[in-house]
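Have a look at the structure below before the remarks.
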Amino acid sequence: MSLLSSIPRWLGGLVLGVVMAAAVQAQGNLEIDTPAIAALQQSMQKRHAQLEPLYAAGAVGLASDGTVALRDAASVPLAQRAQVTSAIAAENADRAALYREIARANSHPEWEGDVRRTFAQRWIDRAQPGWWVQQGGKWVKK
Amino acid sequence: MPVTSRLFLAAVLALSASACVTINIYFPAAAAEKAADRIIDEVWQLREGAVGAPASVPSQGETK
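As given, the protein sequences belong to chains A and B, one line each in that order. Quick note on our numbering: the first sequence kicks off at 226 and runs consecutively. Quick note on our numbering: the second sequence kicks off at 274 and runs consecutively.
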């Protein structure tokens, strides 16, 4: 009792403040409004016009590691295959940079893997019906 | 008494210091998911269309 009453009030306030700050940070937003992230986003958005029919045809699928992958090369006419391959490579480079930039924009470069995992799950969850996604190492049609 | 209260003070300070470290290491999964969704909306252009319902209508651009 006398121990409790001897704790200064300000100390209680300090502890409360620390706890509340933690709660605020936990619910806060991640910083994604940086020029680098906006540029990547725009580049990916532009490329999506090219990739969308490939997702729908099942040629390209959403992999479980947050990348896109050539799932069925046979469904791509030979003449277009090189083009598709380079679009996939460019998309994956943008995605890797995006995950890295988000982690960096939030002053936690070590979050890159977590950001990648979060995105991988969301790309797959939000894929359109008919698209192919990788689940448990297998390709599944949504 | 001063000894116990000083001990207590030290404990509280140690606790809040370790709390700060925990906060910095903790990955905000919910916030990351929200951020991912915002970016996916942009990249896949999902915002202008139906927000809740994924359109069951196949994309009209069946060019072949």
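Beta carbons: idealized from backbone N, C-alpha and C, even for Gly. In this text the structure is predicted, and so the values were computed from the model without any measurement.
- prompt: Quick one, are the C-beta atoms of A/Gln270 and B/Val316 less than 8 Å apart?
  reply: yes
- prompt: How about A/Ser268 and A/Ala284: do their beta carbons lie closer than 8 Å?
  reply: no
task: Using a Cβ-Cβ cut-off of 8 Å, state whether A/Trp336 counts as contacting chain B.
output: With 8 Å as the cut-off, A/Trp336 counts as an interface residue toward chain B.
- request: Ignoring anything shorter than 4 residues or poking outside the stretch 260-347 of chain A, list the alpha helix (DSSP H) runs there in chain order.
  value: 260-282 and 303-330
query: Would you report the Cα separation of B/Ala308 and A/Thr259, rounded to the nearest angstrom?
result: Approximately 13 Å, taken between the alpha carbons.
query: Under 8 Å, do A/Arg341 and A/Tyr324 count as touching if we go by C-beta distance?
result: yes
field: Contact check, A/Gly286 vs A/Ala294, beta carbons under 8 Å
entry: yes
- request: Take A/Tyr280 as the anchor and find which of A/Ile313, A/Ala264 and A/Leu255 has the nearest alpha-carbon.
  value: A/Ile313
field: Cβ-based neighbour list, A/Arg320, same chain, cut-off 7 Å, excluding 5 preceding and 5 following
entry: Gly291 and Thr292
- request: Under 7 Å Cβ to Cβ from A/Trp336, same chain only, skipping five residues before and after it: list those, please.
  value: Here the set comprises Ala328.
- prompt: Taking Cβ positions, are A/Ile349 and B/Ile312 nearer each other than 8 Å?
  reply: Note that the C-beta distance between A/Ile349 and B/Ile312 is not below 8 Å.
- prompt: How is the alpha helix (DSSP H) around B/Lys307 delimited, first residue to last?
  reply: Ala302 to Trp317
- prompt: Leaving out the 5 sequence neighbours to the left and right, which residues in its chain are closer than 8 Å to A/Arg272 when beta-carbon positions are compared?
  reply: Ala312, Ala315, Glu316 and Asp319
message: For A/Gln360, report the span of its beta strand (DSSP E) as first-last.
response: Trp357 to Gln360
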